[in-house]
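A.B. asks: Residue numbers (my numbering): 40 to 250. Have a look at the structure that comes next, please.
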């Protein structure tokens, strides 16, 4: 169901309750909100074609705020986000990724892991938790961007040393991913996704959740 139809159903549910003495069905409202969230998740696409429209700082701040609400080990939030709008810098970043299309995106958000913070959990923190926490934050960022009508693409293959030097990252700040962000009119085909019968297990590996 399209997001606008779900939102309309929420309004109707609440309006119906306000027009009567009965409280709104909280279970029904939660169900409708969950449909909105699932619709955003399912509608997100990796987009490699962008319009020449600016993304306001206000919208970028909303997206970055969402990133900060992701769960992280010990709630230490071992990530840094570098927002790049400068056209020349974006061009260099695109070259470091060997992805010319990236330069068209009006915004690059470089997600980094702060290894000083991640090292609180010693080796496991630096090798696993820090990367996990950064990835969770990026996931939030991309979904809220989608909900605001923007498109994104996660780029993980790039010259890490080159990007670090370009963006003046200290040695303990490691670039982990580059997210392109902008508006697009490209219609990206929905990719084929596995059903839960392919990847979900019950109680132990090999006992499929759904046979």
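Note that CB positions come from ideal geometry on N, CA and C, so glycine has one too. These numbers were taken from a predicted model, which means no experiment stands behind them.
Just how far apart, CA to CA, sit residue 184 and residue 107?
C.D. replies: Taking the straight line joining both Cα atoms gives about 14 Å.
A.B. asks: Report yes or no: do three or more beta-carbon pairs, one from the stretch 142-154 and one from the stretch 212-224, lie closer than 8 Å?
C.D. replies: As far as the Cβ criterion goes, the stretch 142-154 touches the stretch 212-224, which means the pair count is three or higher.
A.B. asks: Tell me whether residue 110 is buried or exposed, calling it buried when 16 or more other Cβ atoms sit within 10 Å of its Cβ.
C.D. replies: So residue 110 counts as exposed.
A.B. asks: With contact counted as at least three CB pairs below 8 Å, one residue from each stretch, are the stretch 151-165 and the stretch 203-212 in contact?
C.D. replies: Yes: the two stretches touch, three or more of their Cβ pairs being nearer than 8 Å.
A.B. asks: Where residue 122 and residue 246 are concerned, what is the direct C-alpha to C-alpha distance, given to the nearest angstrom?
C.D. replies: Roughly 44 Å separates the two Cα atoms.
A.B. asks: For the alpha helix (DSSP H) holding residue 5, just list the boundary residues, first then last.
C.D. replies: Nothing in the structure corresponds to residue 5, since the chain is present only between 40 and 250.
A.B. asks: Excluding five sequence neighbours on each side, which residues of the same chain lie with their C-beta closer than 8 Å to the C-beta of residue 85?
C.D. replies: For residue 85, where only same-chain residues beyond five positions count, the Cβ hits under 8 Å are 191, 192, 193 and 227.
A.B. asks: Where does residue 86 fall in DSSP's three states?
C.D. replies: Residue 86 falls in the coil class under three-state DSSP.
A.B. asks: Measuring alpha carbon to alpha carbon, tell me which residue in 178, 166 and 159 is nearest residue 76.
C.D. replies: Residue 178 is the option with its Cα nearest to residue 76.
A.B. asks: Counting only the same chain and skipping the five closest in sequence on each side, list residues whose C-beta sits under 6 Å from that of residue 127.
C.D. replies: Counting only Cβ-Cβ distances below 6 Å, and skipping sequence neighbours, we find nothing.
A.B. asks: Count the other C-beta atoms from every protein chain shown that fall within 10 angstroms of the C-beta of residue 172, then say buried if there are 16 or more, exposed otherwise.
C.D. replies: Residue 172 is buried by the Cβ-count criterion.
A.B. asks: Cβ of residue 118 within 7 Å of Cβ of residue 200?
C.D. replies: Against a cut-off of 7 Å, the Cβ pair of residue 200 and residue 118 comes out as no contact.
A.B. asks: Any idea what DSSP makes of residue 178, helix, strand or coil?
C.D. replies: Three-state result, residue 178: helix.
A.B. asks: Is the beta carbon of residue 202 less than 7 Å from the beta carbon of residue 135?
C.D. replies: Taking 7 Å as the Cβ cut-off, residue 202 and residue 135 qualify as a contacting pair.
A.B. asks: Among the residues of its own chain, which have a CB less than 8 Å from the CB of residue 187, if the five just before and after it don't count?
C.D. replies: So the list reads 98, 101 and 102, once near-sequence residues are dropped.
A.B. asks: Please identify the residue among 70, 250 and 204 whose C-alpha is closest to the C-alpha of residue 240.
C.D. replies: Considering only alpha carbons, the answer is 250.
A.B. asks: Determine the extent of the alpha helix (DSSP H) in which residue 106 is found, giving its start and end residues.
C.D. replies: Note, residue 106: alpha helix (DSSP H), 96-106.
A.B. asks: Which runs of the beta strand (DSSP E), 3 residues or longer, sit entirely within the stretch 192-225?
C.D. replies: Complete beta strand (DSSP E) runs here, min 3: 212-221.
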